[in-house]
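Enquirer: Questions regarding the structure given below will be posed in turn.
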Amino acid sequence: MNRERFRFFRVVHLESDLLIGVTPGSYTREMQETALEELVRLRRILLEHGRKDPSFLNSLEALTLYPGLEVPEEIITMIECGRETGTGPMAAVAGLFAERVGRRIAKLYQTEELVVENGGDLYLRNKSDLVSAIHAGSSPLSDKMAFVVRPGEWGICTSSGTLGHSFSKGKADALCVISSSAPLADAWATALANRVQGPEDIEEVLEGVEEISGIAGCAVIAGERIGVRGKFQVKLLSSE
Numbered sequence: 005m006n007r008e009r010f011r012f013f014r015v016v017h018l019e020s021d022l023l024i025g026v027t028p029g030s031y032t033r034e035m036q037e038t039a040l041e042e043l044v045r046l047r048r049i050l051l052e053h054g055r056k057d058p059s060f061l062n063s064l065e066a067l068t069l070y071p072g073l074e075v076p077e078e079i080i081t082m083i084e085c086g087r088e089t090g091t092g093p094m095a096a097v098a099g100l101f102a103e104r105v106g107r108r109i110a111k112l113y114q115t116e117e118l119v120v121e122n123g124g125d126l127y128l129r130n131k132s133d134l135v136s137a138i139h140a141g142s143s144p145l146s147d148k149m150a151f152v153v154r155p156g157e158w159g160i161c162t163s164s165g166t167l168g169h170s171f172s173k174g175k176a177d178a179l180c181v182i183s184s185s186a187p188l189a190d191a192w193a194t195a196l197a198n199r200v201q202g203p204e205d206i207e208e209v210l211e212g213v214e215e216i217s218g219i220a221g222c223a224v225i226a227g228e229r230i231g232v233r234g235k236f237q238v239k240l241l242s243s244e
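Residues 5 to 244 in this note's numbering are what the sequence shown lists, from first letter to last.
Below, the structure written as structure tokens:
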């Protein structure tokens, strides 16, 4: 994602560090204030619910949403993503934050294209094809393979068992999921990466992906092997 196509700025609040790119001509300083306000709002919702239900912040298993219990819509989304993927609700948090901040900016400022990166997870609105590289740590394929993302509104989220601080039960160098929902992409990336213990697991995991309607594209990198499923082309990037 190049700097000719996007004008980037950074917004930081506590542990959240967002890199946001918008159509260059649409940028205003007020965007940064809007993004920070939304980030603060989201974190307040998360922490307030966590005080009421500590399991929400710590569970690695799907939680139940009890009928009649009044909770914010963002919390409902995280719990529903967890139930669909078999993960704890926090597996969807980075994607949720990226999506909500991005949608808020898009609504208020009508920027034609927008990307929000949150710890390697992306929320994207693109009007034409966009190349998104797959970072896979020490794998020789890291940053050499990329999705060609068709126009639309997408979440592009990656989980790794060998890179970063996020917990994973698996050993994939990268498992990248594209979905029309960023929090769902985030949760599925976690769930599927948990199943990859080595290159020999790639094909079996991807066979299961074909049955998941919420996943538009998936790539798994483990060592020197990569597997791909979905409606998005994956291309080899130039080494020059």
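Built from N, CA and C at the ideal position, the CB exists for glycine as well.
Predicted model only: the values in this text are computed from it and were never measured.
Among Thr91, Arg104, Ile160, which one has its Cα closest to the Cα of Thr38?
Expert: Indexing the sequence shown from 1 puts residue 38 at position 34. Looking at the Cα atoms, Arg104 is the closest of the given residues.
Enquirer: Going by DSSP in three states, Val200 sits in which element: helix, strand or coil?
Expert: Mapped onto the sequence shown, residue 200 falls at position 196. Three-state DSSP puts Val200 in coil, outside helix and strand.
Enquirer: With DSSP collapsed to three states, give me the class of Lys152.
Expert: Position 148 of the sequence shown, counted from the start, is the residue given in the question as residue 152. At residue 152 the sequence reads Val, which differs from the Lys that was named. In the structure shown, Val152 sits in a strand (DSSP, three-state: E or B).
Enquirer: Closest by CA to Cys85, which one among Asp205, Ser185, Phe12, Phe151?
Expert: Mapped onto the sequence shown, residue 85 falls at position 81. Residue Ser185 is the option with its Cα nearest to Cys85.
Enquirer: Would you check if the distance between the CB atom of Ala258 and the CB atom of Val238 is smaller than 9 Å?
Expert: Outside the displayed range of the chain (5 to 244) lies residue 258, so it cannot be described from this structure.
Enquirer: If you run the structure through DSSP and keep just helix, strand and coil, what is Arg14?
Expert: Within the sequence shown, numbered from 1, the residue matching residue 14 stands at position 10. It is a strand residue.
Enquirer: Give the secondary structure of Val119 by DSSP, where H, G and I count as helix, E and B as strand, and everything else as coil.
Expert: Here the question's residue 119 lines up with position 115 in the sequence shown. Val119 falls in the strand class under three-state DSSP.
Enquirer: Here's the rule I'm using: 16 or more other beta-carbon atoms within 10 Å means buried, otherwise exposed. How should Leu51 be labelled?
Expert: One-based indexing of the sequence shown puts residue 51 at position 47. With fewer than 16 other Cβ atoms within 10 Å, it is exposed.
Enquirer: Taking C-alpha atoms, which residue in Asn6, Lys56, Asn122 lies nearest to Gly99?
Expert: Sequence index remark: in the sequence shown, residue 99 carries index 95 (1-based). Of the listed residues, the one whose Cα sits closest to Gly99 is Asn122.
Enquirer: According to DSSP, what are the bridge partners of Val238?
Expert: Start at 1 with the first residue of the sequence shown, and residue 238 comes out as number 234. Bridge partners of Val238: Phe151.
Enquirer: Measuring CB atoms only, is the region 150-164 touching the region 56-71, in the sense that at least three cross pairs come out at less than 8 Å?
Expert: Short answer: they don't touch.
Enquirer: Thinking Asp133 and Arg107 are a contact (beta carbons under 8 Å), I'd like their distance in whole angstroms, please.
Expert: For the purposes of this step, residue 133 is taken as the residue at position 129 of the sequence shown. For the purposes of this step, residue 107 is taken as the residue at position 103 of the sequence shown. Not quite, the Cβ-Cβ distance comes to about 22 Å (not below 8 Å), so this is no contact.
Enquirer: Can you name, in chain order, every residue of its own chain whose Cβ lies under 7 Å from the Cβ of Arg229, other than the five neighbours on each side?
Expert: Along the sequence shown, read from residue 1 onward, the residue named residue 229 stands at position 225. Taken in chain order, the residues that qualify are Pro203, Ile206.
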